[in-house]
Every structure is written in C-alpha cells, then in structure tokens.
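Numbering (UniProt numbering), first residue to last: 1 to 284. Okay, structure first, notes after.
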Amino acid sequence: MTATAPADTFAIGGDLTVHRLGYGAMQLPGPGVWGEPADRDAALRVVRAAVEQGVDLIDTADSYGPFVSEQVIAEALHPYPEGLVIATKAGLTRQGPGIWTPVGRPAYLKQQVELSLRHLRVERIDLIQLHRIDAEVPLADQLGAFKELQDEGKVRHIGVSEVSVEELQAAREIVDVVSVQNLYNLTNRQSQDVLDHATAHGIAFIPWFPIATGDLAAPHSPVADIARELDATPAQVALAWLLQKSPVVLPIPGTKSVDHLTENMGAARLTLSDEDMARLDALA
1 MTATAPADTF AIGGDLTVHR LGYGAMQLPG PGVWGEPADR DAALRVVRAA
51 VEQGVDLIDT ADSYGPFVSE QVIAEALHPY PEGLVIATKA GLTRQGPGIW
101 TPVGRPAYLK QQVELSLRHL RVERIDLIQL HRIDAEVPLA DQLGAFKELQ
151 DEGKVRHIGV SEVSVEELQA AREIVDVVSV QNLYNLTNRQ SQDVLDHATA
201 HGIAFIPWFP IATGDLAAPH SPVADIAREL DATPAQVALA WLLQKSPVVL
251 PIPGTKSVDH LTENMGAARL TLSDEDMARL DALA
C-alpha cells in the first residue's frame, strides 16, 4: 500500500510559504562551527546550488562562525531571489570551537539581531529564533526583546529552539511563536511530544540534525533495505520519513558538498509506503 505523498509546501506564520525541505547553514564555517570555511568558494557554491535546486528556506544563526554563515549566505545570494526565506537565531555566544553558552539578556539579543540584519544585508529578519533559553533571564524578557524588534518592523516572525512542550506553551503566551527547532530524527525522538504539539497547533517544526541514520544505515537494516527497494539512499529515506511524519515538519539538512546537497534534495521526490513508515517508526 502506498501512502499519499506529503504536501510540498508549508506557510510559516501563515504567510511565508516555503518548500518543506530546506537547507541548514551550520556546516559552512570551519571545524567546530568556528571561523572561516576551509574553502570559501566551495561554501559559496553549495549555498547557490541549494537555491538553484529549489530551496527557499535557509536556516542559519549569528553563532555559526560566529557570523561567518550569515556572511557567506549574503555573499552567495544577495540580492536575494524573491520568495527566499532566511531564518536566523540569537541567544548562544561562542568562546571557541564547539563551545556554546546561552546569553539571553534583552540588550544582547537586540544587538545580535541588529548585527544579523547587517551581515545578511536585509532590513527585516524573516524568522528570528531564540537559540536557547537562558535560565538566568526571564523568558518574557528574552522573547520581549524580539517582540520589540518585531514591532519596529525589523523582525517578521519569532520562533524558539530546543524547548519542552511546557516551555513552548509558556513562550506562546508571550509572543506569537510560529516555529520550534528541536533535535529530532530517526534515532532520536525525545521531542516527539513537542512535534505533536506543533502539529496540533500548525506551528512549523524544524528538526535539526535530521539525517542521523548511523547504525540504522548498516547493511540489512530496515533503513538500508527500504533504500535499496526504492533505489534511494539511507539519507533520503531518513529525510522522507521526516517529511511524511507530519505536515508541519521542515527538515534543514546541512552540507558543504554540492553532491550531498543534491542527494538530500532527492528525498522530496521519495514517497514511503505505509508499510515503510511502520518499519521505520518501529526503530524508535
């Protein structure tokens, strides 16, 4: 039995319609998401290739580099094609490769959004996401900083990242939250309850680290078996599973390679059967 192909698009916040398979720009900077890319020209090529292959949602953050990812995106694509949505984040500071420290002071968050506007060369951020909740600062103050910028016309929509259902509900009482970005993939479904909440309320769910097939892609695993049956790759199966899991899911696989990008984009053309979905669901 073949499942119905999932809807190709989703309207973030009800007005930013994007293809559901986007591109995550976390891997553009150097090792540890720190500093310049080893090959800046290659980074520019993969960003341009993403748009050429139909991506109209790019997800980045001020902390990727820091600022390197945003700068590469602007260099590669500005002036931006009509309809391209760039989502960025603020709220994590960097002290070195692989080091991430939440800072949610309102003045800091507002400063970072102003810098993102400059680095991305835009007058308004399509989607600003609180990268992590800072436990030292009231959530209302953190999201309130974004709301002030939204009222000034510098931010279009507000999202949150790595939150529980309770935190998401609390955030929604402060501002209109249009997206949530949590770790979620075939091998890690600890945010299933958050996805269920997002699905019920029409909130975009952006799973980061979407292709974590790992051991599941080993020969004779269900993922590898289904990939062979569909003449696809394990990564494509993992992404197709996400796309069919819920109509609000917007996977953002990241890569520095145009070949890997092309492979990932092929997942949008893959339809898993109900039996395939059941076999993959059982892996949890």
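Where a beta carbon is used, it is the ideal one built from N, C-alpha and C, also for glycine.
Nearest to residue i by CA position, among the options, is which residue?
i	options	result
P96	H119, I158, G65	What sits at residue 96 in the sequence shown is Gly, not Pro. Of the listed residues, the one whose Cα sits closest to G96 is G65.
V46	S273, T262, D276	T262
H157	R124, D225, D141, Q142	R124
R279	A267, D259, A227, S257	A227
L270	V237, I128, S257	V237
V163	A145, L44, L139, L149	L139
R189	V180, A145, A284	A284
E82	A43, D126, W100	D126
R40	K256, M265, D281	K256
Y184	E166, W208, M265, V165	W208
T9	L195, T60, H260, L243	L243
P210	G98, L186, T60	L186
H260	W34, A43, G32, S191	A43
Since residue i and residue j are thought to touch, with beta carbons under 8 Å apart, how far apart are those beta carbons, to the nearest angstrom?
i	j	result
E70	T93	Not quite, the Cβ-Cβ distance comes to about 15 Å (not below 8 Å), so this is no contact.
I252	I203	About 16 Å; that fails the 8 Å criterion.
D141	P102	Actually they do not touch by this definition, with Cβ atoms about 13 Å apart.
E36	V68	6 Å
residue 291	A267	Given a span of 1 to 284 for the chain in the structure shown, any question on residue 291 remains unanswerable.
L149	V175	That belief does not hold up - the Cβ atoms of L149 and V175 are roughly 11 Å apart, past 8 Å.
A235	L272	In fact, because the Cβ distance is near 14 Å, the residues do not count as touching under 8 Å.
V137	V160	About 14 Å; that fails the 8 Å criterion.
R48	L84	Wrong, their Cβ atoms sit about 12 Å apart, outside the cutoff.
S116	D151	S116 to D151, Cβ: 17 Å. No contact.
G13	V178	4 Å
I128	I86	That belief does not hold up - the Cβ atoms of I128 and I86 are roughly 10 Å apart, past 8 Å.
D193	V165	5 Å
G98	G32	4 Å
Would you decide whether residue i is buried or exposed? Buried here means 16 or more other CB atoms lie within 10 Å of its CB.
i	result
D56	buried
A38	exposed
H119	buried
T213	buried
A7	exposed
M1	Low local confidence applies: a pLDDT of 43 at M1 is under 50, so the model's placement there is unreliable, with the coordinate-based value given in what follows. Burial call: exposed.
G254	buried
T17	exposed
G153	exposed
D276	buried
A11	exposed
G91	buried
T233	buried
P79	exposed
D281	exposed
G104	buried
Just to check, is the beta-carbon of residue i closer than 6 Å to a non-hydrogen atom of the ligand HEM?
i	result
V68	In the structure on display, the ligand HEM does not appear, and there are no ligands present to speak of.
With a threshold of 7 Å between beta carbons, is residue i in contact with chain D?
i	result
P253	This model lacks chain D altogether; it includes just one protein chain.
- In chain order, each alpha helix (DSSP H) run of at least 4 residues that lies wholly inside the stretch 84 to 164: Runs of the alpha helix (DSSP H) lying entirely within the stretch 84 to 164 and spanning at least 4 residues, in chain order: 106 to 120, 139 to 151.
- Using 8 Å as the threshold, is the stretch 241 to 250 in touch with the stretch 184 to 200, meaning 3 or more CB pairs across them? Yes: at least three Cβ pairs fall under 8 Å.
- Item | At least 3 beta-carbon pairs within less than 8 Å: the stretch 24 to 34 vs the stretch 69 to 86 | Segments in contact, yes.
- If we count Cβ pairs, one from each stretch, closer than 8 Å, do we get three or more for the stretch 168 to 180 versus the stretch 129 to 139? With the cut-off at 8 Å, the stretch 168 to 180 and the stretch 129 to 139 touch.
- Item | Complete runs of the alpha helix (DSSP H) confined to the stretch 211 to 238 [at least 4 residues] | Runs of the alpha helix (DSSP H) inside the stretch 211 to 238: 222 to 229.
- Item | Start-end ranges of the alpha helix (DSSP H) lying completely within the stretch 177 to 210, minimum 4 residues | List check, alpha helix (DSSP H) in window: 192 to 201.
- With a floor of 3 residues, list each beta strand (DSSP E) that falls wholly inside the stretch 21 to 86, ordered by position along the chain. Taken in chain order, the whole beta strand (DSSP E) runs of length 3 or more contained in the stretch 21 to 86 are 57 to 59.
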